[in-house]
Structure formats: structure tokens, C-alpha cells
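J.:
Residue numbers (full-length UniProt numbering): 1 to 454.
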């Protein structure tokens with residue numbers, strides 16, 4: 001579910017954006033792009049509801065274009081209320097308003113339940129309207145466009161709320177409506193391909209969640225064909241990454257590596273030191289380092305170093321993504337017997353992690369624990385005791401002394417505390433503390449100026 005929410009946040013516009021007008025989910029063939037008109041306060045108060053509806057609908061679109069999504073949703077809520085006031089029994093317009101708001105809730109906020117509530121209203125209004133009177137030809141096209149938006153949004157929202165069967169049904173219905181719309185000439189080929197990509201993308205995510213890998217891979221292949229047809233090769237990276245994940249889940253590591261390599265080639269061809277290339281290099285390194293073959297393990301180091309270089313150039317050395325990749329590289333070094341290099345990198349990263357996450361953070365604690373563990377294996381008992389004690393202090397602050405993480409570190413500290421060199425150091429420290437607290441006072445006879453001589 002977290003992956004689905006992340007994908008929602010990254011999505012700029014859905015495939016049916018070109019089907020939406022400035023006041024409903026209609027085709028761009030019916031309406032021009034909206035432009036906002038400014039009004040003063042008194043003029044706006046006296047404006048009839050019809051004009052207010054146009055104003056808020058126009059402003060919602062402009063806010064969407066400017067990625068002011070909260071403002072866009074507020075205006076769309078006003079549009080629903082005004083449409084109900086203005087249109088009354090014209091259920092088509094009200095259905096369009098609810099569908100548009102539902103899409104915004106899902107697309108911009110990831111609010112699946114809110115989206116489904118408004119989609120249910122839109123669907124009911126469309127069914128009621130068709131039962132009481134026939135549609136004109138233009139209205140039929142508007143209904144199809146609205147139904148497409150409803151099914152696409154419902155598919156995504158159902159996936160987000162774990163109703164996978166409903167998600168499959170909605171995406172399949174969207175595909176049928178899309179074909180009908182295209183046959184009527186309402187949308188061009190590019191718009192059709194965008195909508196098909198939404199459908200194939202949604203279905204492959206559903207099938208992957210249902211543990212139906214062959215069907216998920218089939219949808220991936222359809223997506224690749226569509227992207228090739230519209231020359232969107234840079235978007236093929238995401239599809240190849242999905243295919244790699246599916247194959248990795250089936251323990252087909254060679255196929256997963258092959259798909260990630262294709263994604264990496266595309267990413268670096270567009271931006272050699274970009275963020276996407278860094279992410280794919282990191283993923284490749286992780287898969288290669290886990291592979292049993294020795295030659296894969298050797299190649300993993302190359303991709304770790306490449307990902308760190310790309311992360312450093314794209315987001316900087318203080319970014320959590322860079323620091324996470326660096327930690328993974330250190331674990332790789334540790335597994336391959338390069339403890340000194342691992343500890344060197346981890347020590348150097350402490351300042352960056354404190355700057356990024358704070359002194360009392362799990363990232364700093366985990367770094368100290370790793371350093372302390374290596375120091376223990378190398379027999380540097382005093383240093384390990386100091387490092388693990390710092391780690392324990394942070395764990396106790398974050399989780400409390402009864403947490404399993406705190407208990408594990410406490411066990412290590414207790415064991416180290418019994419080591420002879422640690423006992424000796426602590427005894428010396430206690431003696432020094434006593435001397436600092438109670439300094440030696442010379443006998444009174446040796447001090448002629450003693451206060452007791454008076």
C-alpha cells in the first residue's frame with residue numbers, strides 16, 4: 001500500500017486529464033482551456049451561482065496546473081455544492097462534479113475512501129439519469145467520458161483500499177469504455193494511449209498484489225508496447241523496475257538483474273548522474289550482492305559505488321537516500337570481510353546523520369551499534385564499550401529500556417563491562433573522580449595561615 005501511495009504523490013496528471021473540461025470530466029473537444037477572471041469582493045458576492053460555478057471550476061483547474069492541490073480540492077468541493085444548486089435535476093452535471101472531486105481526492109491526496117464515496121454518488125446519478133430520459137448524442141459522449149473517469153478512479157481507489165477484485169473489475173470496465181470513446185472520435189491516439197497506460201499500470205499492480213505474476217508481467221509487456229508507440233522511452237524505466245520486482249519475488253534473480261539493467265541503461269542515457277539512475281544502481285547492487293554467484297557479488301561493488309556517486313551529485317551527501325545507500329554498501333563490505341573500510345565509512349557518516357536525523361535518532365544508534373559490533377570482533381573492548389554505551393543511551397531514550405532493541409544492546413554492554421580492561425578503566429575513572437571531588441588537604445601544622453590558628 002505504501003508503494004501505491006508513493007505512486008499517487010508522484011503522478012502529475014491522470015490519463016484522462018485531457019478529457020476534463022473546466023467544469024466537468026468532458027472531452028477537450030467541447031471546451032477551451034480555462035482562464036481565471038479576477039473579481040472584487042462586492043462584485044463576487046453579488047455574482048449569480050452560475051458565474052460562481054464557472055469561476056471556481058476555472059480556478060480549480062489553474063490550481064491543479066500550478067500543483068496547488070489543497071486549493072484545487074477546496075474549489076472542487078465548492079463546485080459540487082454550486083452544481084447541485086444550479087443544475088438541480090440535471091444529474092449528468094452533478095455526476096461529473098462528483099467524479100472530478102473523487103479523482104482529485106485520489107490523485108492528489110491518496111484518499112481512497114473519500115474518492116469511493118463520491119464515485120458511488122456519481123455512478124448512482126448516471127444510472128438514475130439514464131433511467132428517466134434518453135441522452136442526446138453530445139450527452140452520450142459526456143457520459144462516456146464521465147464513466148471512464150469514474151472507472152479509472154475507482155480502480156485506483158479500490159487498489160488503495162485493498163479491494164482487489166473491485167479494482168480489476170473497474171479497470172476492465174474502463175478499458176471497454178475507452179474503446180467506445182475512441183471509436184466515437186472523442187479522443188486522439190495519444191490520449192487513448194495515456195488512458196491505456198493507466199489501465200495496464202493499475203492491472204499489473206493488482207495482479208502483483210494477488211500473486212498472479214504471469215498476468216502482471218503480461219500487463220507490463222502491454223505498457224512497454226504502448227510507451228514505445230508514443231516514444232516515451234524514459235517512462236519505460238518504471239515498467240522494467242516493476243518487472244524486476246516481480247521476478248525477484250519469484251527468486252528469478254537473473255531475470256530481475258536483466259530488467260534492472262535495461263532500466264539502468266535508459267535512465268543513464270537521459271541523465272548520467274541523475275536520481276533515477278542512482279536508485280536503479282542501488283537496486284542492482286542490492287540484488288547482485290544477494291546473489292550466490294561470486295561474479296555477481298564483485299559486480300555489486302561497482303553498482304554501489306556508482307549509486308553513491310550519482311546520489312551525491314543529484315541530492316547531496318546529507319540526503320537520506322544517499323545515507324541509506326551508504327549503509328547498505330557498508331553491510332556489503334562487512335559481509336565480504338572488509339571491516340576496517342566499513343567502520344571508516346560509518347565513522348565518517350556519523351556527523352552527516354546527526355545533521356540529517358538528529359543526535360537521538362535510530363539512524364545514529366544503528367551506526368554506533370554497527371561500529372561497536374566490529375570493534376568487539378576486533379578485540380577493541382574499551383572502545384567497543386564506549387560506543388555501545390552511547391548506542392544504549394539513544395535506544396533507551398527512543399524506545400525505553402524494556403524494548404527488545406534496548407535489551408539487546410544492554411546485554412552487549414553488560415558483557416563488555418565484565419572485561420578486565422573495562423573494569424580497570426572504570427576503577428581508574430572512579431579514583432580520579434574521588435580525587436577531583438575530595439582534593440588532598442595538607443596538615444594544619446604545615447600551613448601557618450590556617451584558619452584554625454586564630
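All residues carry an ideal CB built from backbone N, CA and C; glycine is no exception.
Nearest to residue 346 by alpha carbon, out of 299, 374 and 184?
T.: Among 299, 374 and 184, the Cα nearest to that of residue 346 is on 374.
J.: By the DSSP assignment, the alpha helix (DSSP H) with residue 286 in it spans what residues?
T.: Its alpha helix (DSSP H) spans residues 275–290.
J.: Which of helix, strand or coil does DSSP assign to residue 191?
T.: Three-state result, residue 191: helix.
J.: Starting from the Cα of residue 109, find the closest Cα among 321, 70 and 163 and give me that residue.
T.: Per the Cα distances, 70.
J.: Kindly list the residues whose CB is nearer than 7 Å to the CB of residue 207, restricted to its own chain and excluding five residues on each side of it in sequence; keep chain order.
T.: Only 215, 216 and 219 meet the Cβ criterion.
J.: Could you compute how far the alpha carbon of residue 251 sits from the alpha carbon of residue 142?
T.: C-alpha separation (whole angstroms): 47 Å.
J.: Which ranges does the alpha helix (DSSP H) cover as unbroken runs of at least 4 residues, wholly within the region 120–161, from first to last along the chain?
T.: Here the runs fully enclosed are 137–160.
J.: The alpha helix (DSSP H) spanning residue 360 covers which residue range?
T.: First-last for residue 360: undefined, no H or E at that position.
J.: Tell me whether the region 306–326 and the region 346–362 touch, counting them as touching only if at least three CB pairs, one residue from each stretch, are closer than 8 Å.
T.: Output reads yes: the region 346–362 touches the region 306–326.
J.: Is residue 112 helix, strand or coil when you go by DSSP?
T.: If DSSP states are grouped into helix, strand and coil, residue 112 belongs with the helices.
J.: What number of angstroms, rounded off, separates the C-alpha of residue 123 from the C-alpha of residue 268?
T.: Their backbone Cα atoms lie some 45 Å apart in a straight line.
J.: Tell me the rounded alpha-carbon separation between residue 157 and residue 106.
T.: Computed Cα separation, rounded: 6 Å.
J.: Taking C-beta to C-beta, are residue 303 and residue 285 nearer than 8 Å?
T.: Cβ distance < 8 Å, so residue 303 and residue 285 count as in contact.
J.: If I follow the unbroken alpha helix (DSSP H) through residue 106, where does it start and stop?
T.: Here residue 106 belongs to no alpha helix (DSSP H), and DSSP marks it neither H nor E.
J.: Around the C-beta of residue 205, are 16 or more other C-beta atoms found within 10 angstroms, so that it is buried, or is it exposed?
T.: So residue 205 counts as buried.
J.: Excluding sequence positions up to five away, which residues of its chain have a Cβ less than 6 Å from the Cβ of residue 385?
T.: Here the set comprises 416 and 422.
J.: In chain order, what residues of the same chain lie with their CB nearer than 8 Å to the CB of residue 266, ignoring the 5 residues before and after it?
T.: Hits under 8 Å: 233, 234, 236, 237 and 240.
J.: Could you give the uninterrupted runs of the alpha helix (DSSP H) lying entirely in the region 363–402, keeping only those of 4 residues or more?
T.: If we require 4 residues or more, the alpha helix (DSSP H) runs fully inside the region 363–402 come out as 381–399.
J.: With H, G and I counted as helix, E and B as strand and the rest as coil, what does DSSP make of residue 316?
T.: It is coil, neither helix nor strand.
J.: Short check: CB of residue 387 to CB of residue 371, under 8 Å?
T.: Taking 8 Å as the Cβ cut-off, residue 387 and residue 371 qualify as a contacting pair.
J.: Going by beta carbon distance, what residues of the same chain come within less than 7 Å of residue 121, once the five residues before and after it are set aside?
T.: So the list reads 98, once near-sequence residues are dropped.
J.: Going by C-alpha distance, which of 149, 73 and 256 is nearest residue 173?
T.: That would be 149, whose Cα lies nearest to the Cα of residue 173.
J.: Just confirm the distance between the C-beta atoms of residue 332 and residue 289, as a whole number of angstroms; I'd bet it's less than 8 Å.
T.: The pair is a contact, with the Cβ atoms about 5 Å apart (cut-off 8 Å).
J.: List the endpoints of the continuous alpha helix (DSSP H) containing residue 70.
T.: Looking at the DSSP string, the run of the alpha helix (DSSP H) that includes residue 70 is 69–87.
J.: Could you tell me which of 426, 348, 368 and 343 sits nearest to residue 382, measuring between CA atoms?
T.: Out of 426, 348, 368 and 343, 426 has the C-alpha closest to the C-alpha of residue 382.
J.: Can residue 91 and residue 119 be called in contact, C-beta distance under 8 Å?
T.: For residue 91 and residue 119, no; Cβs fall outside 8 Å.
J.: In this structure, how does DSSP classify residue 419 when only helix, strand and coil are distinguished?
T.: If DSSP states are grouped into helix, strand and coil, residue 419 belongs with coil.
J.: What do you get for residue 448, buried or exposed, if any count of 16 or more other CB atoms within 10 angstroms of its CB means buried?
T.: Because the pLDDT at residue 448 is just 48, under 50, the model does not fix this residue reliably, and the value given afterwards should be weighed accordingly. With fewer than 16 Cβ atoms within 10 Å of its Cβ, residue 448 is classed as exposed.
J.: Please name the residue in 363, 343, 412 and 104 whose C-alpha comes closest to that of residue 154.
T.: Of the listed residues, the one whose Cα sits closest to residue 154 is 104.
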